[in-house]
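J.: Chains B and W supply the protein sequences, listed in that same order.
Numbering (numbering that gives the first Met the number 0) for the first sequence: 0 to 741.
Numbering (numbering that gives the first Met the number 0) for the second sequence: 0 to 332.
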Amino acid sequence: MWVFRSMVAIALLGSLTISHAAVTEGQLQKLATPKNHVEIGLGHVSEASARFGRYNALYDDGFFAILGLSYLQRPRFDADSPAFFDISIADAGLGNRRMDLRGGRQGDYFFRAGYRERSVRWGDGLQTIFNPQAGANLQLPGDWVPAQTTADMTALLPSLHEFNLRQDRRHASVGGRKHFAERWSVSADFRQEDRDGQRTMAGMFGNTGGNPRAAFLPVPIDYRTRQIDVGVNYADRDRQLRFGYHGSLFSNNEPSLTFANPYSTITGWAAGSGFPQGTGQLALPPDNQFHQISAGGGWNFSPSMRGLAELAVGRMTQNEDFLPLTANPILAESIIQGLPANSLNGRIDTTALNLRLTGRASRTFQWNASYRLDDRDNRTPSRQFVYIGGDSQLQDAGETSSRRRYNLPYDYRNQRLRLDGTWRLPDRTRLTAAIQRQRVNRSFTARARTDENLAELRLSRVVNEWLQAGLSGQWADRTGSTYDGAIGFLAGHDPAFTDTLAGQWANLPALRQFHLADRRRHRLGVNAVVTPHEHWSIGLEAADMQDDYRTDLDTLIGRAESSIRTWSTNISWNPNHNWSAHGFYTWERLTGDQAGLSFRGGPNRLPDIANPERAWMVDHRDRVDTAGLGFQRRWLDDRLTLATDLVYARARARLNVATGPALTSAPLPDVNSRLRSLMLRGSYRINEPLTLHLRYWNERFSSNDWALDDVPVDQLANVILPGQASPDYNVHVISAAINYRF
Amino acid sequence: MIEDQHEPITIPKDEDNGHVDRSKLLNRRVWALVLLCSTLHGGMVAAEPVKMPDHIANCVRCHDADSAEPVLALFATPHAVMADQRTGFAEQGCAACHGPSLDHARLPARAGGSAVEIAFGGPGAASTEQRNQVCMSCHSGATMLHWPGSSHDFEDLACVDCHRVHAVKDPALDPATQAASCVSCHRAQHAQMHRPFAHPMREGQLHCTDCHNPHGGSGPADLHTMTVNENCYSCHAEKRGPFLWEHQPVREDCTLCHQPHGSVHRDLLTQRTPFLCQQCHMSQFHPSTALSGAGLPGDDLPSGSSSMLGRDCMNCHVQVHGSNHPSGPGQTR
Chain B
0 MWVFRSMVAI ALLGSLTISH AAVTEGQLQK LATPKNHVEI GLGHVSEASA RFGRYNALYD
60 DGFFAILGLS YLQRPRFDAD SPAFFDISIA DAGLGNRRMD LRGGRQGDYF FRAGYRERSV
120 RWGDGLQTIF NPQAGANLQL PGDWVPAQTT ADMTALLPSL HEFNLRQDRR HASVGGRKHF
180 AERWSVSADF RQEDRDGQRT MAGMFGNTGG NPRAAFLPVP IDYRTRQIDV GVNYADRDRQ
240 LRFGYHGSLF SNNEPSLTFA NPYSTITGWA AGSGFPQGTG QLALPPDNQF HQISAGGGWN
300 FSPSMRGLAE LAVGRMTQNE DFLPLTANPI LAESIIQGLP ANSLNGRIDT TALNLRLTGR
360 ASRTFQWNAS YRLDDRDNRT PSRQFVYIGG DSQLQDAGET SSRRRYNLPY DYRNQRLRLD
420 GTWRLPDRTR LTAAIQRQRV NRSFTARART DENLAELRLS RVVNEWLQAG LSGQWADRTG
480 STYDGAIGFL AGHDPAFTDT LAGQWANLPA LRQFHLADRR RHRLGVNAVV TPHEHWSIGL
540 EAADMQDDYR TDLDTLIGRA ESSIRTWSTN ISWNPNHNWS AHGFYTWERL TGDQAGLSFR
600 GGPNRLPDIA NPERAWMVDH RDRVDTAGLG FQRRWLDDRL TLATDLVYAR ARARLNVATG
660 PALTSAPLPD VNSRLRSLML RGSYRINEPL TLHLRYWNER FSSNDWALDD VPVDQLANVI
720 LPGQASPDYN VHVISAAINY RF
Chain W
0 MIEDQHEPIT IPKDEDNGHV DRSKLLNRRV WALVLLCSTL HGGMVAAEPV KMPDHIANCV
60 RCHDADSAEP VLALFATPHA VMADQRTGFA EQGCAACHGP SLDHARLPAR AGGSAVEIAF
120 GGPGAASTEQ RNQVCMSCHS GATMLHWPGS SHDFEDLACV DCHRVHAVKD PALDPATQAA
180 SCVSCHRAQH AQMHRPFAHP MREGQLHCTD CHNPHGGSGP ADLHTMTVNE NCYSCHAEKR
240 GPFLWEHQPV REDCTLCHQP HGSVHRDLLT QRTPFLCQQC HMSQFHPSTA LSGAGLPGDD
300 LPSGSSSMLG RDCMNCHVQV HGSNHPSGPG QTR
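(1) In terms of alpha-carbon separation, which member of W:Thr208, W:Gln247, W:Pro241 lies closest to Asn230 of chain W?
(2) For Arg190 of chain B, which residues in the same chain have their Cβ closer than 6 Å to its Cβ, ignoring the five residues on either side in sequence?
(3) Would you say Pro140 of chain B reaches chain W, if we count a Cβ-Cβ gap shorter than 8 Å as a contact?
(4) Which of the three DSSP states, helix, strand or coil, is assigned to Phe62 of chain B?
(5) Along the beta strand (DSSP E) that carries Met544 of chain B, what are the first and last residues, could you check?
(6) Contact check, Leu596 of chain B vs Ser287 of chain W under 8 Å by CB: the rounded distance?
(7) Mind checking if Asp209 of chain W is an interface residue toward chain B, Cβ cutoff 8 Å exclusive?
(8) If you draw a straight line from the C-alpha of Phe630 of chain B to the C-alpha of Phe63 of chain B, how long is it?
(9) Is the beta carbon of Ser262 of chain W closer than 8 Å to that of Ala268 of chain W?
(10) Where does the unbroken beta strand (DSSP E) through Glu161 of chain B begin, and where does it stop?
(11) In the DSSP assignment, what are the bridge partners of Gln467 of chain B?
(12) For Glu451 of chain B, write down the residues that DSSP places opposite it in a beta bridge.
(13) Does Arg355 of chain B have its Cβ less than 8 Å from a Cβ in chain W?
(14) By the criterion of Cβ-Cβ separation under 7 Å, what are the contact partners of Phe74 of chain W in chain B?
(15) Which whole-angstrom value describes the C-beta separation of Gly321 of chain W and Glu245 of chain W, a residue pair presumed to lie in contact below a C-beta threshold of 8 Å?
(16) Is the CB of Phe364 of chain B under 8 Å away from at least one CB in chain W?
(17) Val439 of chain B and Thr449 of chain B look like a contact to me (Cβ under 8 Å); what is the Cβ gap, rounded to whole Å?
(18) Which residue or residues does DSSP assign as beta-bridge partners of Glu698 of chain B?
(19) How would you write the range of the alpha helix (DSSP H) that Thr176 of chain W sits in, first residue to last?
(20) Could you check the C-alpha separation between Tyr70 of chain B and Gln177 of chain W for me, to the nearest Å?
(21) Would you call Arg194 of chain B buried or exposed, if buried means 16 or more other Cβ atoms sit within 10 Å of its Cβ?
(22) What's the C-alpha gap between Leu308 of chain W and Gln277 of chain W?
(23) Within its chain, find whatever has a CB closer than 8 Å to the CB of Asp748 of chain B; leave out the 5 residues flanking it on each side and keep chain order.
(24) Helix, strand or coil: which one does DSSP assign to Asp644 of chain B?
(25) Counting Cβ pairs closer than 8 Å, one from the segment 159 to 166 of chain B and one from the segment 285 to 297 of chain B, do we hit at least three?
(26) Once the 5 residues before and after Ala112 of chain B are set aside, which same chain residues still bring their CB inside 6 Å of it?
(27) Quick one: list the residues of chain W neighbouring Pro425 of chain B, beta-carbon separation under 7 Å, in chain order.
(28) Does chain W have any CB closer than 8 Å to the CB of His731 of chain B?
(29) Can you list, in chain order, the residues of the segment 503 to 530 of chain B whose Cβ is nearer than 7 Å to any Cβ on chain W?
(30) Since Leu743 of chain B sits in a beta bridge, which residues does DSSP pair it with?
(31) Express the C-alpha separation of Leu677 of chain B and Asp637 of chain B in angstroms, rounding to a whole number.
(32) Pop quiz: Phe289 of chain B and Gly202 of chain B are said to be a contact at Cβ under 8 Å. What is the actual Cβ separation, rounded to whole angstroms?
(33) Quick one: does Val49 of chain W have its CB under 8 Å from some CB of chain B?
(34) Counting only the same chain and skipping the five closest in sequence on each side, list residues whose C-beta sits under 6 Å from that of Met313 of chain W.
(35) Do Ser118 of chain B and Asn136 of chain B have their C-beta atoms within less than 8 Å of each other?
(36) At the 8 Å Cβ level, is Gly600 of chain B part of the contact set with chain W, yes or no?
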């Protein structure tokens with residue numbers, strides 16, 4: 000019917016046509032031609048800052064080039080061939096350069112290829128006693144003077160090298176899609192990403208009982224990830240089907256990091272553990288793979304009901320060769336019980352299922368019923384390993400040794416059943432309600448099952464032409480099976496050892512881990528959009544979410560409660576094409592209370608946990624204020640445009656610690672950060688194809704952190720720190736570029 | 000061919016098209032090669048009338064370059080490619096989306112007549128359902144599998160609330176402008192992007208749709224992937240494992256410890272370490288110790304607590320995402 004009416008209309012419209020001017024080629028070309036351009040320019044950064052440039056590649060001071068290209072060749076609307084071609088190059092003069100290329104015949108096929116680099120800086124000026132260029136085998140300087148603590152390491156400061164935390168990603172991709180048999184299409188994408196750079200981790204010696212020693216190391220990053228996606232799709236008016244394969248293969252060219260021990264042998268370490276023979280080894284991320292096949296379909300059973308089913312079955316595997324129990328040949332001689340296997344043969348089978356029915360019972364009521372399954376069946380073998388603590392112990396393979404450990408292949412199953420309904424009520428009012436039941440099953444964890452019931456209600460109403468308001472509420476209650484905090488501990492140790500331990504637990508029995516604990520959640524939200532005038536729009540939003548973990552009286556230890564309170568407002572003013580302005584402000588307050596109890600081992604263990612004077616509390620009080628202001632003004636028939644954006648963000652993390660009389664504590668300073676960013680942009684169209692772009696950007700960031708600031712490499716007795724300071728910068732960037740449109 | 004089926008309308012040459020005479024400019028400014036290029040380019044701009052089928056020309060007659068409701072940019076979009084018969088534009092022109100609208104063609108609303116049958120904006124806009132049906136009549140392919148019943152569908156969002164059909168470049172499909180559209184509603188996420196530790200969304204290196212499918216996704220929060228962790232592994236594959244010594248919450252859900260849109264705490268953690276760690280690890284000696292300002296540096300070197308300074312717990316337990324070292328059950332190897 001629709002088609003028939005349209006055809007009649009087309010005929011009639013033709014008859015209505017008159018013969019005088021409407022659109023010229025020039026106008027069409029001006030208004031309906033992609034803005035292809037080449038951009039060339041120069042910029043300058045006033046000071047080097049890793050944090051400022053961590054994601055925009057402007058981490059070095061000095062000049063940088065601005066090079067970009069955008070070219071889109073689309074078929075003219077009446078062209079015989081719907082072929083198109085699109086190439087864009089951006090930030091070619093920076094470490095974030097990218098190039099994308101697309102082409103094809105619209106409605107038939109397209110292909111794409113892309114290359115991008117992403118140069119990330121996490122920190123600069125870190126210090127290490129190892130040569131940062133040494134790769135995966137870190138040796139100490141020839142004149143190294145070992146000691147049991149940093150206090151006596153006389154060669155420490157003279158031996159320091161600087162290094163930066165960086166990661167360079169190079170990402171290449173090719174792909175495309177081809178339509179066939181009218182309703183089918185096949186697609187394929189291949190992506191390869193190489194990452195190299197340097198991060199830092201501590202290399203530690205020792206085990207427990209107060210004997211660990213550590214030094215921060217420059218750790219090489221040399222990863223490659225290949226991903227492939229292949230899909231076959233079908234779509235008609237009432238049905239959609241898709242079948243897919245996803246593969247992800249990760250490889251690491253540096254599977255381990257070996258490092259010399261800068262410490263002398265201390266009490267509790269085996270002879271030969273310390274300098275000069277002492278050697279440690281870290282396992283770096285192992286090669287792994289993930290393969291997944293999926294099938295999904297949607298079906299409109301009737302004009303008012305639709306079904307959706309989607310199933311994905313996957314497998315994660317990892318079988319990197321195990322490193323030896325110790326990298327130290329002296330300690331290796333003590334090994335009585337070797338490795339139970341050469342590699343993990345790790346495997347997790349994943350099954351994910353989405354089922355959904357959607358219906359419209361009437362013009363005013365729409366509903367959803369959905370079920371979601373996320374199942375991860377961990378088929379990794381569990382074996383016993385008699386480990387060697389921190390490349391500093393002889394192997395203790397005794398029957399009651401705490402070093403006999405079993406790896407735990409955690410299973411996970413998450414099922415969610417949800418019903419949603421939305422009603423269009425009179426007076427432009429809308430009511431949305433949902434109920435949900437979620438069950439999570441886990442293995443080797445303190446709670447084998449958690450259940451959460453959730454209810455949501457949202458009401459929105461267009462009150463009048465200038466006011467739209469909404470109210471929302473959420474309530475959720477999580478409970479579950481009996482909480483037994485010792486399950487993982489018992490499963491991971493040999494019973495011969497756990498039988499010797501008072502109480503047979505490691506974590507305090509009263510602890511409730513926050514993701515397993517009973518929890519009641521309430522959330523309330525209000526929002527409004529006020530449009531007092533057609534040029535003005537004001538948005539207001541406030542929300543309060545409270546999590547209460549104290550629903551079980553035994554929940555004395557762990558996260559007790561948390562909350563997130565926010566309110567925000569945004570305003571925009573658009574009087575005409577030449578003017579626009581906007582502003583926003585968001586206030587967030589995140590709080591959390593946690594309870595703990597300090598207890599010792601041995602004979603003090605049980606008396607301590609019964610002593611309320613050893614209890615402690617920490618209150619987390621984070622506050623974030625974010626504000627922004629911007630405007631744009633056009634003059635001279637759009638030839639001149641000026642714009643500015645101002646952003647201010649302040650974050651404060653406060654911790655209040657309170658302890659019982661048996662313990663001592665002292666207040667902690669706040670951790671603060673403050674960002675002020677001003678961007679001024681101007682562009683002037685010199686003539687039709689040429690536009691000059693000028694930009695000034697000033698960003699000031701200041702922060703403090705008691706864990707980093709004024710904490711030199713030798714601050715701690717037992718850890719050689721990297722000497723990283725919290726970032727602080729004031730960077731000015733200016734740039735000028737000519738944009739040539741063609 | 001379409002031109003054969005419909006007699007092209009004749010549009011006289013525009014006498015005053017407002018463009019600069021580039022040949023004069025060439026004579027005056029030969030000093031600049033770039034300007035020369037621009038001159039040649041400008042000279043190529045034609046003022047010839049556009050030939051187009053009647054049923055399209057009739058709309059463009061009013062909705063021309065000076066129209067208050069500009070539509071000409073549509074001609075630069077895939078929707079107006081008549082050689083692609085799927086678009087409906089060749090056969091039906093504007094009526095393919097706006098309905099036949101005969102009354103509007105005879106006398107438009109501004110002149111006291113009728114609006115188009117399906118208007119996508121303004122006070123006479125059609126219902127969300129009607130508008131979306133128009134889009135879905137073509138865009139109901141596999142990528143839209145989840146749209147019916149998705150969160151945005153339930154919020155009564157129309158496709159045109161985000162997308163601009165009459166634009167050379169749809170801002171919702173342009174990575175540089177996409178986030179502005181998303182955060183106009185998702186205010187909380189907008190604020191989180193400005194926190195001191197965040198994914199590079201503010202810098203334009205990561206986009207909302209890199210993780211989320213606004214048309215409805217397979218995973219929680221409309222993620223493209225079936226699970227949260229699968230999504231994270233697409234960029235952080237080194238954390239996928241499986242590992243010999245797993246950290247249970249890590250295996251379960253990355254967001255138990257990390258806030259993906261931004262955090263006050265380093266590494267996008269939900270709370271400050273070591274206190275975050277102590278919410279799950281409360282065993283004898285150092286894991287249960289009451290940590291406070293007493294662990295900060297004193298006047299002498301060395302001083303301070305290794306559970307508080309530097310990377311606190313991660314000064315030793317460096318493999319919190321899992322270790323594959325046979326001697327790493329404590330995540331120290």
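Idealized CB from N, CA, C, for every residue including glycine.
T.: Answer, in terms of the structure:
(1) W:Thr208
(2) Ser172, Gln226
(3) no
(4) strand
(5) 535 to 547
(6) 6 Å
(7) no
(8) 27 Å
(9) With the sequence shown as reference, residue 268 of chain W is identified as Leu, and Ala is not the correct amino acid for it. In this structure, Ser262 of chain W lies closer than 8 Å to Leu268 of chain W by Cβ.
(10) 160 to 179
(11) B:Val461, B:Val528
(12) B:Gln437, B:Arg477
(13) yes
(14) Leu27, Ala31, Phe76
(15) 5 Å
(16) no
(17) 5 Å
(18) B:Ser676, B:Val730
(19) 174 to 182
(20) 20 Å
(21) buried
(22) 15 Å
(23) Only positions 0 to 741 of chain B appear in this structure, which leaves residue 748 of chain B out of reach.
(24) strand
(25) no
(26) Leu100, Val173
(27) Here the premise fails: no neighbours, minimum Cβ distance about 15 Å.
(28) no
(29) Ala505, Asn506, Leu507, Leu510, Gln512, Phe513, His514
(30) Outside the displayed span of chain B (0 to 741) sits residue 743 of chain B, for which this structure offers no information.
(31) 23 Å
(32) 29 Å between Cβ atoms; not a contact.
(33) yes
(34) none
(35) no
(36) yes
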